[in-house]
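In our numbering, the protein residues as written are 410 to 624. We put the CB at the ideal spot given by N, CA and C, even for glycine. Computed from a predicted structure; not experimentally measured. Quick notes on the structure that follows.
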Amino acid sequence: MRLILLGPPGAGKGTQASFLADKFGLVKVSSGDILRSAVRSGSKLGEEANKYMSVGKLIPDRIIIDLILDRVSSGECDSGFLLDGFPRTKEQAVALTASGIDVDSVIEIQVSDEVIVSRMSGRLFHPASGRTYHVSSNPPLISGKDDVTGESLVVREDDKASTVRNRLDIYHEQTTQILSYYRDASSGSNHKVFSVDGSMSISAVSSAIESFLKP
Ligand code: AP5
410 MRLILLGPPG AGKGTQASFL ADKFGLVKVS SGDILRSAVR SGSKLGEEAN KYMSVGKLIP
470 DRIIIDLILD RVSSGECDSG FLLDGFPRTK EQAVALTASG IDVDSVIEIQ VSDEVIVSRM
530 SGRLFHPASG RTYHVSSNPP LISGKDDVTG ESLVVREDDK ASTVRNRLDI YHEQTTQILS
590 YYRDASSGSN HKVFSVDGSM SISAVSSAIE SFLKP
């Protein structure tokens with residue numbers, strides 16, 4: 410199984426990616442998690458990435474395309490993968506197709522901007538694993554602690570309301586074009602496209618995606 414999860418910031422891509430990776434034994438390739446890990450490591454890539462991420466802008470295609478294609482074409486993804494956060498521009502989608510890495514399904518999680526802004530204000534994040542919680546809709550078992558490791562949860566730096574608005578603007582300007590690209594049969598890959606209402610409960614969204622993916 411080779412999947413792409415699309416949707417605005419805060420749509421629930423990371424939440425559903427964790428569910429789908431566990432359910433179907435897929436490797437989760439999250440561009441945001443990879444970049445945040447580079448930022449934490451203090452590497453040159455991380456320093457460069459942070460200039461864009463901290464203000465809600467996209468990392469230049471020249472950096473992200475190689476990073477993700479290297480990961481996906483490494484042996485670890487041979488038994489199936491799920492892309493969360495990539496592609497995000499038409500150039501990234503075209504580069505993925507041109508690399509010869511086919512995907513089976515593109516899943517779009519649809520959520521309105523209003524719902525997203527309120528969701529982001531309650532998000533809690535476990536940096537080491539990428540696990541995501543919400544103070545009211547998806548709280549951790551122990552307040553402020555990751556369910557698996559017990560480590561402290563943090564608020565992401567780019568979840569400030571003004572930065573979230575920037576990220577949404579960029580999504581509407583650049584990322585929505587990708588849907589047309591994948592709906593266009595001539596885009597070179599033999600995949601199905603499925604849109605799900607991401608304002609339903611987390612479990613209802615998971616069930617809808619699971620039903621779509623099951624043969
Ligand atoms: P990235 O980490 O990919 O962020 P994003 O796409 O903006 O998405 P988020 O991680 O914010 O949200 P999500 O959809 O995963 O939602 P989540 O499941 O957490 O990217 C960050 C930055 O990295 C970008 O701004 C850019 O700078 C850079 N970047 C990354 N990829 C790039 C690329 N390809 N090219 C260029 N730059 C790139 O859920 C959100 C909250 O809602 C959580 O609290 C969750 O518990 C809750 N929730 C989830 N589902 C539901 C539900 N159904 N009901 C109620 N609450 C829910």
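For the beta strand (DSSP E) that contains residue i, what are its first and last residues?
i           : result
residue 533 : 532–534
residue 514 : 514–519
residue 438 : 436–439
Could you check whether the Cβ of residue i sits closer than 7 Å to any heavy atom belonging to ligand 2?
i           : result
residue 465 : Judged by which ligands are present, ligand 2 is missing from the structure shown, whose ligands are ligand 1.
Identify every residue that forms a DSSP beta bridge with residue i.
i           : result
residue 542 : 533
residue 606 : 519
residue 413 : 492 and 515
residue 633 : Here the chain covers residues 410 to 624 and nothing more, so residue 633 does not appear.
residue 527 : Paired residue(s): none; residue 527 is not in a bridge.
residue 561 : 554
residue 547 : 543
residue 422 : Its beta-bridge partners do not exist; DSSP assigns none.
residue 601 : 514
Taking the beta carbon of residue i as the centre, do at least 16 other beta carbons fall within 10 Å, making it buried, or is it exposed?
i           : result
residue 552 : exposed
residue 517 : buried
residue 426 : buried
residue 496 : buried
residue 576 : buried
residue 550 : exposed
residue 558 : exposed
residue 422 : buried
residue 621 : exposed
residue 599 : exposed
Is residue i helix, strand or coil when you go by DSSP?
i           : result
residue 450 : helix
residue 614 : helix
residue 552 : coil
residue 466 : coil
residue 499 : helix
residue 623 : coil
residue 483 : coil
residue 629 : The requested residue 629 is not part of the displayed model; the chain covers only 410 to 624.
Quick one, which of the options has its alpha-carbon nearest residue i's?
i           : options               : result
residue 415 : 480, 438 and 542      : 438
residue 494 : 504, 599 and 443      : 443
residue 566 : 544, 545, 461 and 432 : 461
residue 574 : 429, 489, 525 and 457 : 525
residue 503 : 475, 456, 430 and 571 : 475
residue 515 : 411, 624, 623 and 620 : 411
residue 556 : 564, 542 and 546      : 542
Start and end of the alpha helix (DSSP H) containing residue i?
i           : result
residue 586 : 585–592
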